[in-house]
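Some notes on the structure that comes next.
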Amino acid sequence: MTAQTGVLLLALLSRPPWLGAQEISTRTLTFQNAVREALSRSPEVEAAQKESILAALEEPILLANLDPRFQSSYSVADDQAPRAAPAFQGLRTRLEHWEAGFVQNTLLGTEARLRWTNEGLKNQAAFRVLDPSVDSRLSIELRQPLLRYFWGRPDIARRQRARAGEDGARARLRQAQESAVLKAARAYLELHFAQEQIRIKTEGVKDAKILLAKNEEKRRYGLAEESDLLQARSSVEVQETEVLIAESQRERAQIALWAAMHREGSPFRVETSSSEILSRADDLEDSEAKSLSIRADVQSARKRREALEWNLRVGKLDTLPDLSLSLAYGAAGLAGDYGGSWQDLGSFSHSLKSAGLSLTVPFASTRERLARRQNLLQLEVAAAQAREVESRGLREIRDGRENLRLARLRVEAGRRLLELERRKFRAEEENFRRGRSSTDLLIRFQQDIRRAQANLLEAEKDEAVARLELRRCLGFLLEAFQQ
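Residue numbers (the numbering used here): 25 to 507.
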């Protein structure tokens, strides 16, 4: 088996089985639509979106703790335990207690409580003037932590930590979207390159057949050697084999595109459009500092560091001594039944006032110290990672600009080379008509043209990829696909 026969069999076996059974329809898929479909179907993007939504709920959950709460309780006690002094303590005590109220917290840590309590007591002691008795009280109570909430505001630290986490989740979502865009864009460009390769190889087959026809005609008149005719036929076989290989490459590129778009397959063949790919209207001259500030990976690293900074602050504030001020004001009523007690309470003739301070000082705080140490180490790791991401981003920006500059030079050089190859072939073709050239030389010049076309096509593909990569490095890759 010759090398050419082996390549031909490989190309035939690699073609999907349905190609030989029926004709497949062709549909045009634009670059924008391919990328947008990849974004909408990507499971990585969907997971990042869910994480972003989850992170956005943290601050509303913190603020939801400020919602007013209604509290109530009811209890009944029947105490028939023996007494040491029954004449004074009574033989039996029946106590009914119930209360209701509202509790409201504020961002400053203030706890405000409106409490209404009622206590009915029945005890037939000898010296109880009023039996049964009902004690009703209505009070407003305030408790205000002083040290924690006025020295460092842990409420602000917690909300800032939540906001930094939300911003970091959004940056990770952008990273996932950029990854999906680049994957789909590369697959689309590979498919476009493979389709253009088929066009170039097909034109090579046509040129080889034209040259074969000329040699056959010259052979009939004795103007061409048998070796020239065989060389022309061999060239046709080689070009047709290359077409089969290019078709196989196109099928594999289309499979890769379906995978990037998260499709299982399609009953039609995709035809790419080069109008969007080869556009050069991008402004890619943003400053490095500005580009670093809007890159998704840099933003994610910085927001993670910021969230850990606020987390460390929360840990420090939570271990401060708790000095709290408590104030209460209310009124009380007393009667033999609930109605009379409430009426006495409504007169507000019996006021209740109280004020006090409470201090709680952590004694050992071993767990808190270890937690602060852990938070500090996490912050140092995040800061080092942020510096590394910024350094890598700066290097990628510079490499991306150099790659794009080189790709554009390759495109310009490829166009000049292709024009030279075509001029060279036309000159040699004129010599062939005059009998001053050989078939072998013409075939070689034809192959030089196809090679120059393929090199130019690959350079244009690399330029498009370099432009997309540089857009990602500069931080505005998604803007082109979200308009």
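Note that CB positions come from ideal geometry on N, CA and C, so glycine has one too.
Output needed for residue i: all residues of its chain with C-beta closer than 8 Å, excluding positions within five of it in sequence on either side, in chain order.
i      : result
Leu400 : Leu336
Glu392 : Gly339, Asp342, Thr343, Pro386
Phe372 : Ala355
Arg432 : Glu487
Gln46  : Any reading at Gln46 must be qualified, since the residue scores a pLDDT of 44, below 50, and its modelled position is unreliable; the value itself is stated next. So the list is empty, once near-sequence residues are dropped.
Leu369 : Ser160, Arg161, Leu162, Ala355, Ala356, Gly357
Phe505 : Gln56, Val59, Arg60, Leu63, Val205
Given residue i, which residues of its chain have a CB within under 7 Å of its CB, disregarding the five upstream and five downstream residues?
i      : result
Ala325 : Gln409, Ala410, Val413
Phe449 : Phe469, Gln470, Ile473
Pro178 : Arg172, Val338, Leu341, Asp342
Leu316 : Val322, Glu414, Gly417, Leu418
Asp361 : Val158
Leu86  : Arg182, Arg183, Ala186
I need the DSSP call for residue i, collapsed to helix, strand or coil.
i      : result
Thr134 : coil
Phe500 : coil
Leu90  : coil
Asp103 : strand
Gln477 : helix
Ser461 : coil
Glu288 : coil
Gln470 : helix
Trp371 : The identity of residue 371 in the sequence shown is Ser, whereas the question assumes Trp. DSSP places Ser371 in coil when its eight states are reduced to three.
Gly114 : coil
Gln148 : coil
Ser365 : helix
Gln46  : Confidence at Gln46 is low in this model, with a pLDDT of 44, below 50, so the placement of that residue should be treated as unreliable; the coordinate-derived value is given next. Three-state DSSP puts Gln46 in coil, outside helix and strand.
Ser96  : strand
Following the continuous beta strand (DSSP E) through residue i, name the residue where it begins and the one where it ends.
i      : result
Asn129 : 117 to 129
Thr384 : 375 to 384
Pro169 : 157 to 169
Thr265 : Where Thr265 is concerned, there is no enclosing beta strand (DSSP E), although the alpha helix (DSSP H) it sits in stretches over 250 to 284.
Leu316 : No beta strand (DSSP E) holds Leu316; the alpha helix (DSSP H) holding it covers 312 to 318.
Leu81  : It is not in any beta strand (DSSP E) - Leu81 carries neither H nor E in the DSSP assignment.
Arg51  : 50 to 53
Would residue i pass as a contact of residue j if the rule is Cβ separation under 7 Å?
i      : j      : result
Ala58  : Ala280 : no
Glu288 : Ile421 : no
Asp321 : Gln402 : no
Asn239 : Leu254 : no
Ala490 : Leu428 : yes
Ala149 : Gly114 : yes
Leu171 : Leu145 : no
Met285 : Glu70  : no
Ala72  : Arg210 : no
Glu493 : Gly424 : yes
Gln273 : Ala193 : no
Leu376 : Ala356 : yes
Val260 : Leu236 : yes
Asn129 : Leu90  : yes
Ser389 : Ser348 : no
Arg137 : Gly125 : yes
Ala476 : Leu430 : no
Phe55  : Tyr212 : yes
Glu165 : Ala352 : yes
Leu215 : Gln278 : yes
Ala204 : Leu63  : yes
Ala407 : Arg329 : yes
Arg152 : Val127 : no
Tell me which same chain residues have a C-beta within less than 6 Å of the C-beta of residue i, skipping the five on either side of it?
i      : result
Ala270 : Gln221, Ile222, Lys225
Thr141 : Glu123, Arg161
Thr103 : Reading the sequence as shown, one finds Asp at residue 103 and not Thr. So the list reads Thr117, once near-sequence residues are dropped.
Ser350 : Arg167, Gly380
Arg434 : Ala483
Ala305 : Per-residue confidence for Ala305 stands at a pLDDT of 49, beneath the threshold of 50, marking its modelled position as unreliable; no derived number is given.
Leu132 : Tyr173
Arg319 : Gly417, Gly499
Glu68  : Ala200
Ala111 : Ala150
Determine the extent of the alpha helix (DSSP H) in which residue i is found, giving its start and end residues.
i      : result
Leu358 : Where Leu358 is concerned, there is no enclosing alpha helix (DSSP H), although the beta strand (DSSP E) it sits in stretches over 346 to 359.
Glu220 : 178 to 244
Leu403 : 390 to 457
Leu19  : Since the first and last residues shown for the chain are 25 and 507, residue 19 lies out of range.
Can you determine whether any heavy atom of the ligand GDP sits closer than 6 Å to the C-beta of residue i, and answer yes or no?
i      : result
Leu465 : The ligand GDP is not part of the structure shown, which contains no ligands of any sort.
_Stretch-stretch touch, CB-based, cutoff 8 Å, three pairs: the stretch 494 to 503 with the stretch 453 to 469_ = no
*Using 8 Å as the Cβ pair cut-off and three pairs as the minimum, do the stretch 227 to 237 and the stretch 184 to 195 touch?*
no
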